[in-house]
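Numbering (the numbering used here), first residue to last: 30 to 438.
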């Protein structure tokens, strides 16, 4: 038997009872003959509670608390969980050791709150594994080469899971969560959403990037790069969930595999900026250096030799974006910025789109029938996304799910 890396999300370790339930899953894998590494998130809503606490201490001041200190604060949530699950396993008579991200040498860059994994000291994990111990690791966190604590962004425990799976050459990464697996749509919005037994890395990356929150996009990208299978399953049952694997020929016969919704988007429109070579490059280079992800870029050239440039960002990035935009407009010597909130994006994804026609027309027709106005359209080889009003988001998702008969196997 080989190595299994298991990850338990916040809802799966939210109470002492659930911690013991998670420990049972770990013990079952150990008894089956596997070497087991466990990655855990903070309990329940601990991270949100710590963020709220920081905001209260910060008060009504402009801007945000220092990101370095926020990472120092937020990393404490996982440190509580690793100790508790280690105690639960020790209470059942198993040898166990827990580590923070820093203790396993999980080195990241210095991008506080959205750090990227650079390396892991796999020997720090393998040594106790080879002595028969169960290893518990704090997800979501690492350290810089200078020893500063960093966090990996929302859903960062998934990145920890896959990074460890990759360096250990694990047989599988099991992502235990509070849902049964990956669905054709969010079942809280679409009642007839169906569990997908198997999905490709590329499809999962697209779904994650457009709103499917079960897995962080970077985690799936890492899994594809190192060919690490991920099994997404429910921590409260023994039923199989969804396997995320390399693309197979059979997958191409399914035109659309799933659809997703991304809410809380903001469209930024820069009006009457100079229509000159290098302006757009300089603008988006500055935004990139601020580690802000941009989507749906549209440029319209005007008769007066200026241009309007529109792009979307997640609403949570607006506070960091505004100073960058203001500085760029000042450097240009012209133009102004308009921020449109209350937007959402509905998307359909499927590897079968590469060989199929009429997908866009069917999606647009379904939205038109529900009187949903499309504001922007963006595509990739296996995805079509429409920017819409946030008020239309839920009915838009239900409409496109029904249009492609995703509720039927």
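Note that CB positions come from ideal geometry on N, CA and C, so glycine has one too.
Taking residue i and residue j to be in contact with their CB atoms under 8 Å, please state how far apart those CB atoms are, rounded to whole angstroms.
i: residue 68; j: residue 181; result: Residue 68 to residue 181, Cβ: 11 Å. No contact.
i: residue 163; j: residue 36; result: So it is not a contact: roughly 14 Å between Cβ atoms.
i: residue 208; j: residue 243; result: 7 Å
i: residue 188; j: residue 245; result: 6 Å
i: residue 206; j: residue 41; result: 6 Å
i: residue 315; j: residue 353; result: 5 Å
i: residue 192; j: residue 149; result: 6 Å
Look up residue i in the DSSP assignment and say whether it is helix, strand or coil.
i: residue 206; result: strand
i: residue 161; result: coil
i: residue 276; result: coil
i: residue 417; result: strand
i: residue 115; result: helix
i: residue 101; result: helix
i: residue 123; result: coil
i: residue 211; result: coil
i: residue 369; result: strand
i: residue 339; result: strand
i: residue 302; result: strand
i: residue 324; result: strand
i: residue 433; result: coil
Of all the options the options, which has the alpha carbon lying nearest to the alpha carbon of residue i?
i: residue 379; options: 398, 400, 243 and 237; result: 237
i: residue 409; options: 63, 303, 239 and 373; result: 239
i: residue 333; options: 302, 359 and 354; result: 302
i: residue 179; options: 186, 187, 170 and 185; result: 170
i: residue 54; options: 70, 33, 72 and 74; result: 33
i: residue 226; options: 220, 235, 211 and 219; result: 211
i: residue 165; options: 398, 66 and 329; result: 66
i: residue 118; options: 350, 47 and 291; result: 47
i: residue 347; options: 359, 357, 330 and 368; result: 368
i: residue 287; options: 40, 229, 400 and 174; result: 229
i: residue 405; options: 382, 306, 295 and 283; result: 295
i: residue 56; options: 176, 122 and 128; result: 122
i: residue 366; options: 382, 384 and 336; result: 336
i: residue 49; options: 31, 222 and 111; result: 111
i: residue 167; options: 371, 156 and 72; result: 72
i: residue 323; options: 338, 331, 382 and 330; result: 338
i: residue 2; options: 319, 350 and 271; result: The structure shown does not extend to residue 2, since the chain spans only 30 to 438, so no value can be given for it.
What's the call for residue i, buried or exposed, on a 16-neighbour Cβ count within 10 Å?
i: residue 274; result: buried
i: residue 345; result: exposed
i: residue 217; result: exposed
i: residue 137; result: buried
i: residue 215; result: buried
i: residue 462; result: This structure cannot speak to residue 462, because the chain is shown only from 30 to 438.
i: residue 135; result: buried
i: residue 247; result: buried
i: residue 357; result: buried
i: residue 420; result: exposed
i: residue 90; result: exposed
i: residue 363; result: exposed
i: residue 374; result: buried
i: residue 476; result: Missing from the structure shown is residue 476; the chain here goes from 30 to 438 and no further.
i: residue 100; result: buried
i: residue 325; result: buried
i: residue 235; result: buried
i: residue 14; result: With the chain represented from 30 up to 438, any question about residue 14 goes unanswered, as that position is not in the structure.
i: residue 232; result: buried
i: residue 359; result: exposed
i: residue 305; result: exposed
i: residue 291; result: buried
Pairs of beta-carbons, one from the region 382-392 and one from the region 310-324, closer than 8 Å: are there three or more? no
If we count Cβ pairs, one from each stretch, closer than 8 Å, do we get three or more for the region 197-204 versus the region 248-265? yes
Is it a yes or a no for the region 406-423 touching the region 373-388, going by three-plus beta-carbon pairs under 8 Å? yes
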